[in-house]
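Trainee: Take this structure, written in structure tokens, and hold onto it; I'll ask about it next.
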Amino acid sequence: MTAVWSRRGFLTATGAALALGLTASPPFTGVALAADEFGTLRAKWRTLILGEGFSPTAEPFRTKLTELGSRAAELRATMAPATGSLWPDAVWTDPEPDTDQESFGYSAKMNENYSRLLTLAQAYSQPGTGLTGNASLAAEIVTGLDHMYARIYNEGQTRYGNWWNWQIGAPQALLDILVLLHDQLTATQIANYCRAVDHFVPDSAIGSYTGTSTGANRVDLCRVVALRGVVGDNSAKITLARNALSPVFPYVTSGDGLYTDGSFVQHTSVPYTGTYGAAYIGGLGMLFALLAGSSWAVTDPNRQIVLDAVENAWAPFLYNGLIIDNVSGRGMSRGISAGDPNQIQADDHLRGHGILSSIVLLGQGASAAENARWRGLVKGWIQRDYYSPPLSNPSLGLVSLARLKSVADDTSVTALAEPTGHRLFPSMARATHRRPGWAASISMADKRITYYETGNGENLRGWHTGSGMLYWWGDTYANGQYSDAFWPTVDPYRLPGTTTSRKVLADAAGGDWGASKPDVNWVGGATDGTRAAIGQYLKGLQSTLLAKKSWFCLDDSIVCLGAGIKCTDGTAVESVVENRNLGPTGTHALTVNGTVKPVSHPWSETLTGATWAHIGGMGGYVFPGGATVKALREERTGRWSDINRGMATTALTRRYLTLWADHGTNPTNGTYAYVLMPGASTTQTAARAADTGWVQILANTDNQQGVRVPSLGFTGVNFWFGGTVGTLTASAPCCVMITEKSDGTAVICVSDPMRMQTALTLTWNRAVTAVTSQPSTVTGSSTGSSLTLTFGDLSGTSGATQKVTVRLG
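Written out as structure tokens, the structure is:
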């Protein structure tokens, strides 16, 4: 079955033109249209899907076009119209499919036939393919279209399998072909194909904002209806599509769409900035560009929310050209396609490159200042992606490649450095921590956000990605950690940062489409925008496992605590400090307390009394007070098809170096504590371990977890229950983070991750002379030898940080 990414990949790859302005114009008022306005829109769309501003004889475009021509020649040679198929290896029908999965597969094959016809149409329309303007090829494409209309995609057919193939995948490809071959088609043929689209995508498909017509799917459906209007000279269709975009702009408070905290959710409970979110901004960018300056320009003022989201929602998850996997849903399991075992279909870098391209396009409809800044960000991401240079990306579509190259070659654009700072996304249980030289991200799960998403036979073993997985990358190292066959080869029970039971889980355990969510409320944290305190009350997937997990994100490190770890599964329970992908041959040195350990594979050892460890070329790990840690070097072999049934069966082997705390079988009160130092040297790691007062663990229990770092003026406490920790007393569950500054002020950040507190009193046993700023949620305060803050109802704050500034005594 064709994986859904084939559609997403095409969408981002053929995203837009290089220089289409998006200036606003008055909305359509019903006045008579210029006779050629539909033709103008078709010409615009042709440019959007073919690109412009590149030389077909210059690299890398020459090679791209040659490859397109070769692929088209192969398809042309094997096309053989028959009952139930246009290509013999892409049969779309079975009179009695045995399972839903089989039915989904046949609908995907129907969609694949249109994708192949689109490849032929692109080869016909693009220069330098060897088939450019070939009249025989054009006739063969039209024959294929007629065959598909007569046999499967017509107004008399009842859809089966996956709705997406009928309402988005197939009609998008079909309409693109109709734009490219418009002059080769008769009025009757165009009318036939438009009736088919109207049958499967009626006006009612975008009549109400519900079901599958929300978020990124809504944008895709609007694209279909708008292009149906453009191809069929139907102004009412374009108006309908333009107006139906409006519900996707405003912020949402539940379900699919953009949230004020920068979260993007699809399928109700799945963080999806990286794939459905890519379709969202990519699709909107194309429609904004298509309709700009026409009678149907998108003038809804809420479109600015989409523009604001570039830096509010997407930039925090882009790092050196990649998009973090923890917001890509089941898309992270799409690696090497079964159809081409030599071609990487997608990874975090390839997905990221498509989003960079969409940002460039979207910028053409933004303010001059926004556009300039985004181009600077994109140029920086392009230049810093040494692992997978975008301009050498074999999977990046020609249009996106041309757009990114235009930015890279633009001498007026100054590359901007990676944004630094901390961002919490409580609406999708994610956090990003970005420091000079490295970045990290944490993925969690709660009653609103699923453990993981599986569906369509994809992401079958992503069970524990929401169990506190801690991702991190360096600026000039480790950017291939999750790109280099990580997902099919890693031990899925030992994902870095997670606490898990070794209980064996079935593929797709918990159900499809994010069906399984933990019944927990306390997940979230507080941040001042630079540092953060984050916590997760963890319940295991189909497990009795319970744990409290905390992360305190600081300047050069992340302090990680675990407590109250208990389980009755009858299996071992582990907290994974690290699991580094060393590639096919990596022998990175592991140094523990100054002793270099063997580099042979396999190798294992129980490290008793470890106070610090260091992985060469990666970073350091400090264990305050010492710890017993297990270490393992191993080679692991897996296949993309193990985790995604649509992917290649080729065996891949990677080496891993894993460190973990073994809590034993059926633990009753397990704990752990370690400090992650990305990029630190052995000397720096050893020095941090020797400085035993650098971090003070104030509490690490089932009731509270907290730390103090005197040199930073930092205190962070996760109150799982009310109580006293150090100098802080809270009347109810909450998260508190304090930074004392050298200018005699302090910033106190408080949040209600549970979204349940109707009243909260926080006392800080520290002399305070005045409260200089406070949010409206603070209903009272008293200063003096101590500070007492009284908060009103926090249940409606969606877990957002409440920031109070005070002057210290």
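The numbering used here puts the first residue of the sequence shown at -13, with every later residue one more than the last. Built from N, CA and C at the ideal position, the CB exists for glycine as well. Note that the coordinates shown come from a computational prediction; the quantities given were computed from them, not determined experimentally.
1. Are the Cβ atoms of residue 125 and residue 110 separated by less than 8 Å?
2. Residues in the same chain with beta-carbon distance under 6 Å from residue 16, minus the five sequence neighbours each way, listed in chain order, please.
3. With which residues is residue 701 paired in a DSSP beta bridge?
4. Between residue 451 and residue 640, is the Cβ-Cβ spacing less than 8 Å?
5. How far does the alpha helix (DSSP H) with residue 474 in it extend, from its first residue to its last?
6. Secondary structure at residue 537, three-state DSSP: helix, strand or coil?
7. Run through DSSP, which three-state label would residue 794 get?
8. When we look at the beta-carbon of residue 455 and count the other beta-carbons within 10 Å, is it buried (16 or more) or exposed?
9. Roughly how many angstroms separate the alpha carbons of residue 299 and residue 406, rounded to a whole number?
10. Do the region 245 to 257 and the region 207 to 219 meet, that is, are 3 or more Cβ pairs less than 8 Å apart?
11. Secondary structure at residue 528, three-state DSSP: helix, strand or coil?
12. Measure the C-alpha to C-alpha separation of residue 152 and residue 93 and round it to an integer number of angstroms.
13. Nearest to residue 69 by CA position, among 138, 289, 33, is which residue?
14. Taking the straight line between their C-alpha atoms, what separation do you get for residue 526 and residue 307?
15. Should residue 663 be labelled buried (16 or more other beta-carbon atoms within 10 Å of its own) or exposed?
16. Measuring only the C-alpha atoms, how far is residue 365 from residue 167?
17. What would DSSP say about residue 450, mapped onto helix, strand or coil?
18. Within its chain, find whatever has a CB closer than 6 Å to the CB of residue 518; leave out the 5 residues flanking it on each side and keep chain order.
19. Taking the alpha carbon of residue 203 as the reference point, which residue from 221, 149, 169 has its own alpha carbon closest?
20. Output the distance between the C-alpha atoms of residue 13 and residue 229, rounded to the nearest integer angstrom.
21. Run the CB neighbour count on residue 707, radius 10 Å, all protein chains shown included, and call it buried at 16 or more, exposed below.
22. Since residue 528 contacts residue 491 with CB under 8 Å, what's their CB separation in whole angstroms?
23. Should residue 781 be labelled buried (16 or more other beta-carbon atoms within 10 Å of its own) or exposed?
24. Helix, strand or coil for residue 573 per DSSP?
25. Quick one: Cα of residue 222 to Cα of residue 187, how far?
26. Determine the direct distance from the alpha carbon of residue 235 to that of residue 269, and round the result to whole angstroms.
27. Run through DSSP, which three-state label would residue 507 get?
28. Spell out a yes or no on whether the region 620 to 640 and the region 532 to 551 are touching, meaning 3 or more CB-CB pairs, one atom from each, closer than 8 Å.
29. State the CB to CB distance for the pair residue 164 and residue 100, rounded to an integer number of angstroms; the pair is presumed to be in contact (CB under 8 Å).
30. Helix or strand or just coil, what does DSSP make of residue 788?
31. Hey, could you find the ends of the beta strand (DSSP E) residue 710 is sitting in?
32. Are the beta-carbon atoms of residue 647 and residue 617 separated by less than 8 Å?
33. Classify residue 742 as buried or exposed, calling it buried when 16 or more other Cβ atoms lie within 10 Å of its own Cβ.
34. Which term fits residue 442, buried or exposed, when burial requires 16 or more other beta carbons within 10 angstroms of its beta carbon?
35. What is the rounded straight-line gap between the Cα of residue 463 and the Cα of residue 74?
36. If you check the beta carbons only, do residue 722 and residue 684 fall under 8 Å apart?
Mentor: Concretely, from the data shown:
1. No, the Cβ-Cβ distance between residue 125 and residue 110 is not below 8 Å.
2. Here residue 16 scores only 33 on pLDDT, less than 50, and its place in the model is too uncertain to base an answer on.
3. According to DSSP, residue 701 bridges with 694, 724.
4. Contact flag unset, no.
5. Segment 472 to 475, the alpha helix (DSSP H) holding residue 474.
6. Look at residue 537 here: in three-state DSSP terms it is strand.
7. Taken through DSSP and simplified to helix, strand or coil, residue 794 comes out as strand.
8. Per the 10 Å Cβ criterion, buried.
9. Straight-line Cα distance between these residues: approximately 14 Å.
10. By the criterion of at least three beta-carbon pairs nearer than 8 Å, the region 245 to 257 is not in contact with the region 207 to 219.
11. Three-state DSSP puts residue 528 in coil, outside helix and strand.
12. When only Cα atoms are considered, residue 152 and residue 93 end up about 8 Å apart.
13. Scanning 138, 289, 33 for the CA closest to the CA of residue 69 turns up 138.
14. Cα to Cα, residue 526 sits roughly 33 Å from residue 307.
15. By the neighbour-count rule (16 or more Cβ atoms within 10 Å), residue 663 is buried.
16. Between residue 365 and residue 167, the C-alpha separation is close to 35 Å.
17. Coil.
18. Taking C-beta separations shorter than 6 Å and ignoring five residues to either side along the sequence, the partners of residue 518 in its chain run 408, 511, 539, following chain order.
19. When the alpha-carbon of residue 203 is set against those of 221, 149, 169, the nearest one is in 149.
20. Confidence at residue 13 is low in this model, with a pLDDT of 30, below 50, so the placement of that residue is unreliable and no value is reported for it.
21. Exposed is the call here.
22. Correct: roughly 6 Å between the Cβ atoms.
23. That one is exposed.
24. Residue 573 sits in coil when the DSSP states are folded into three classes, being neither helix nor strand.
25. Residue 222 and residue 187 have their C-alpha atoms some 15 Å from each other.
26. Computed Cα separation, rounded: 13 Å.
27. DSSP places residue 507 in coil when its eight states are reduced to three.
28. The region 620 to 640, when compared against the region 532 to 551, does not touch it at the 8 Å Cβ threshold.
29. Contact between residue 164 and residue 100 is ruled out by a C-beta separation of about 11 Å, above the 8 Å threshold.
30. Note: residue 788 maps to strand in three-state DSSP.
31. From DSSP, the beta strand (DSSP E) with residue 710 extends over 709 to 711.
32. No, the pair does not count as a contact, with Cβ atoms beyond the cut-off.
33. Exposed is the call here.
34. Counting Cβ neighbours within 10 Å, residue 442 comes out buried, since at least 16 surround it.
35. Answer to the nearest angstrom: the Cα atoms are 46 Å apart.
36. In this structure, residue 722 sits away from residue 684, with a CB-CB distance that is not shorter than 8 Å.
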